[in-house]
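Going line by line, the protein sequences match chains A and B. Numbering-wise, my numbering puts 178 at position 178 of the first sequence, and it's gapless, one number per residue. Numbering-wise, my numbering puts 75 at position 75 of the second sequence, and it's gapless, one number per residue. Ideal Cβ placement from N, Cα and C applies to all residues, glycine included. Presented below is the structure to which this report refers.
Protein chains: 2
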Amino acid sequence: MRAGLVAAGLELARTGGPDAVVLREATRAVGVVPNAAYRHFADRDELLAAVCTAAMHELADRMSAEIAKVRGKQDNPAAAQRRLGAIGTAYLRFAHEEPGLFATAFAVPEQHTYASTEDADPTPLGLLRTALDNLVTAGVITPTRRKDLEFPIWSTVHGLATLTTHGPLRALSPTQLRHIESQTWDYIGNSLS
Amino acid sequence: MRAGLVAAGLELARTGGPDAVVLREATRAVGVVPNAAYRHFADRDELLAAVCTAAMHELADRMSAEIAKVRGKQDNPAAAQRRLGAIGTAYLRFAHEEPGLFATAFAVPEQHTYASTEDADPTPLGLLRTALDNLVTAGVITPTRRKDLEFPIWSTVHGLATLTTHGPLRALSPTQLRHIESQTWDYIGNSLS
DNA sequence: TCGATTAGTGGACACCGTCCACATTGCTAT
DNA sequence: ATAGCAATGTGGACGGTGTCCACTAATCGA
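Here it is in structure tokens:
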């Protein structure tokens with residue numbers, strides 16, 4: 001039941017973003033009276049937080065899938081670089097293919113945190129970190145350069161994603177979009193050398 | 001009156017973000033009945049769009065102010081670099097000091113655009129562009145490198161701002177925050193050379 | 001078997017966005 | 001000067017939403 005409410009909320013979020021996950025409609029979808037939700041969530045924000053966690057999870061899954069597609073051993077420099085690229089493209093593709101879910105994943109209400117489902121499965125930040133560590137072991141970058149590099153890179157990709165999906169750059173033509181994206185990849189790659 | 005509604009909405013947005021700009025409360029603040037707002041705005045989203053424009057304007061103003069503080073001629077390389085830094089710090093400071101307004105500035109509803117108040121006054125992107133052009137004329141970077149550089153840089157700063165104010169990085173301690181920020185400045189500066 | 005915890009129901013309240021018909025104002029053209 | 005008209009604000013209403021309260025039905029361990 002709790003899972004059903006979250007699933008329903010996730011579907012609402014998919015098409016309408018975080019504001020569209022409305023408690024009453026989620027209960028309607030699962031065929032129950034609105035107040036039943038209060039047996040599983042303290043309030044609407046707690047339901048939303050669960051939906052946000054699920055959305056973030058889906059992002060992480062897509063990133064993992066894209067990383068897994070890259071073949072090549074750990075210490076292969078080219079493969080390590082391709083894995084970093086896979087992370088970035090998966091991030092951006094998710095943002096563009098599922099703008100509602102993407103926005104929701106980062107819309108966890110103030111005073112709430114991501115409800116840790118299984119702490120074992122990876123977060124987007126965790127995936128990025130192992131990819132960067134991998135760049136070090138493959139000899140692409142020095143440990144000095146790698147230090148805290150995840151934050152600038154995450155910022156760049158995340159900023160590009162938000163600006164081009166919900167932000168002022170959302171009206172760009174596909175051509176301009178691809179151009180700016182490749183420009184940003186060059187920019188990131190430049191920071192590795 | 002229209003201006004009053006926008007001002008009231010701006011104050012609501014300042015403390016509670018875009019969701020807090022509720023039509024009825026804005027009319028209450030200006031001492032009028034809710035329906036009166038519909039003489040000036042088609043619906044709540046149009047009011048919100050106006051408030052978003054105002055918030056974006058305030059961001060641009062703060063950026064301009066910070067840029068103006070930098071002394072040094074146009075063709076002074078060090079000054080040109082400091083101006084770019086001023087843009088970034090102003091952006092981040094605005095996000096941290098006024099998280100509600102910052103979120104609102106980028107929350108213009110789908111299907112709406114920023115209501116162009118005076119097309120003469122600068123946008124954040126415009127300010128960034130002239131700063132980068134300035135870096136070229138000062139001889140800090142080549143025209144080739146400058147091309148479309150505003151987008152990766154904007155993405156980086158914007159991503160950092162959103163991740164650290166509303167995103168998963170919002171709980172960072174001030175120390176960690178400063179560290180990550182300076183790390184990001186280095187990262188950006190690295191892309192100039 | 002029974003009593004308590006749990007899950008869901010029904011009804012109500014305040015608030016919100018929005019629509020309708022109406023009153024008031026102030027300016028313009030005769 | 002006055003008749004008419006556009007603009008602005010009012011009053012009342014409706015459906016939708018989050019949330020509270022008291023109540024019922026079912027499950028399960030003692």
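In this structure the segment 177-191 of chain B touches the segment 138-151 of chain A; the number of beta carbon pairs closer than 8 Å is three or more. What N35 (chain B) touches in chain A, judged by beta-carbon distance under 9 Å, is nothing: the nearest beta carbon there is about 24 Å away. Membership of F102 (chain B) in the alpha helix (DSSP H) is indicated by the continuous run 99-105.
Cβ proximity to chain A below 9 Å picks out K147, D148, L149, F151, P152, I153, W154, S155, T156, V157, H158, G159, L160, A161, T162, L163, T164 from the segment 147-164 of chain B.
Residues of the same chain with a CB within less than 7 Å of the CB of I141 (chain B), apart from the 5 flanking positions on each side, are L135, L192 in chain order.
Under the criterion of beta carbons closer than 8 Å, G159 (chain B) and T156 (chain A) qualify as touching, at roughly 6 Å. Residue-level contact check: Q183 (chain A) touches chain B, since one or more beta carbons of chain B fall below 8 Å from its beta carbon. In this structure, L10 (chain B) lies away from A78 (chain B), with their beta-carbon atoms at least 8 Å apart. Taking C-beta atoms as the reference points, L125 (chain A) and I153 (chain A) fail to come closer than 8 Å. For Y187 (chain B), the neighbours in chain A by C-beta distance under 7 Å run, in chain order, P152, S191. Contact with chain A is absent for F102 (chain B), since none of that chain's Cβ atoms lies less than 8 Å from the residue's Cβ.
If only complete runs of 4 or more residues are kept, the segment 29-82 of chain B shows the alpha helix (DSSP H) at 44-69, in order along the chain. Pairwise C-beta distances place the segment 42-57 of chain B in contact with the segment 94-112 of chain B, as three or more of them are shorter than 8 Å. The DSSP-derived three-state label of Y114 (chain A) is coil. It is roughly 12 Å from the alpha-carbon of H96 (chain B) to the alpha-carbon of R178 (chain B). As the crow flies, the alpha-carbon of L23 (chain A) is around 11 Å from that of V32 (chain A). Distances from the CA of L12 (chain A) to each of A:G189, A:V21, A:L5, A:V6 were compared; the closest alpha carbon is that of A:V21. For V136 (chain A), the enclosing alpha helix (DSSP H) starts and ends at 124-137. Under the Cβ criterion (8 Å, minimum of three pairs), the segment 45-52 of chain B counts as touching the segment 105-114 of chain B. Residue-level contact by beta carbon holds for I180 (chain A) and chain B, with a gap shorter than 8 Å.
Only those residues of the segment 73-106 of chain B whose C-beta falls short of 7 Å from the nearest C-beta of chain A are listed: F106. Residue-level contact by beta carbon fails for G9 (chain B) and chain A, as no gap is shorter than 8 Å.
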